[in-house]
Structures are given as structure tokens and as C-alpha cells.
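Number 115 in the UniProt record's numbering belongs to position 115 of the sequence shown; there are no gaps in the numbering.
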Amino acid sequence: MNFHTRKWVKPEDLNPNGTLFGGSLLKWIDEEAAIYVITQLGNKRVVTKLISEINFVSSAREGDVIELGITATEFGRTSITLRCEVRNKITRESILTINRMVFVNLSAEGKPTPHGKTQITYMDAPTRFAA
Numbered sequence: 001m002n003f004h005t006r007k008w009v010k011p012e013d014l015n016p017n018g019t020l021f022g023g024s025l026l027k028w029i030d031e032e033a034a035i036y037v038i039t040q041l042g043n044k045r046v047v048t049k050l051i052s053e054i055n056f057v058s059s060a061r062e063g064d065v066i067e068l069g070i071t072a073t074e075f076g077r078t079s080i081t082l083r084c085e086v087r088n089k090i091t092r093e094s095i096l097t098i099n100r101m102v103f104v105n106l107s108a109e110g111k112p113t114p115h116g117k118t119q120i121t122y123m124d125a126p127t128r129f130a131a
């Protein structure tokens, strides 16, 4: 799993307990996963269909640097399934795991459409998006 996105936990990200608010973390994960899928499929029109059980195994506190790791685990006809882990950048302690996030590729009309992908693409060149 590659960890590309890092976030610095700031006071506005905390819950009343002084730890990272789960809703903030889930927003960051959904956005990062969408960017990953957009890059993989070359289409800006994707939607989150499913996020499986979310397992918080530890917490983050103000000042911590966390990193989000996402990898594709399955390619469907119109969908892509991901796995996610969030960990503390310094200690490498796992904070959260999500075993299954499903995104669906959409046409310009907003309907599920085949993407034709069967494996992860590593792109160095700029991505051309569908109109």
C-alpha cells in the first residue's frame, strides 16, 4: 500500500475529547479515495457507492501527522474497490482501516458506465479526462 497523502492534525480537527474527529478523517479519506479513482480511471465522474465497516484502532491528537494509504483491490465492470489504512506518520501506528470502499464510474449522463480497467495504472504523464 502506498501512503501519499499526509495531514497535520490541527485544533479545528479535534472532537471534545481532544482527539481527531472521526467525521473529519472520513471526509479526508473519501476525498483521497475519489482522487485515486479519478486518476486510475481517467474520469472525473465517479461516486462513492459503499464504505464498509470502519475500524478505528487508535486515535490521533493535535500536532500528529497522519498518512492515508489507498490501494485498489478489485476492478468490476463499472466499479473499482479500494482498501484504506490511516496511520501515524512518525510511529507508523495504525489509526483506522477500511477493507472495502467501492466507487462507480459514471457517464456524462450520470449513469454507471464500463471503465475497461483490470489493474492499477501508474501514470507519470498528465491524465486526460473524459469530456
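Every residue, glycine too, gets a C-beta built ideally from N, C-alpha and C.
DSSP, read as helix, strand or coil, puts Ala72 in strand. Annotated three-state conformation of Ser24 is helix, per DSSP. The count of Cβ pairs closer than 8 Å, one atom from the segment 1 to 17 and one from the segment 92 to 99, stays below three, leaving the stretches out of contact. Contact between Ala108 and Arg6 is absent: CB atoms are separated by about 34 Å, not below the 8 Å threshold. DSSP places Val102 in the uninterrupted beta strand (DSSP E) bounded by Ser94 to Asn105. Non-local beta-carbon contacts of Arg87 in its own chain, meaning distances under 8 Å to residues more than five positions away in sequence, involve Phe3, Ile66, Glu67, Gly69, Glu93, Ser94 and Ile95 in chain order. For Leu50, DSSP records a beta bridge to Val102. Beta-bridge annotation (DSSP): Asn55 is paired with Thr97. DSSP links Glu85 through a beta bridge to Gly69 and Thr97. Here DSSP, grouped into helix, strand and coil, assigns Thr39 to helix. Distance from Leu106 to Pro114 at the Cβ level is roughly 11 Å; contact not present, criterion being Cβ atoms closer than 8 Å.
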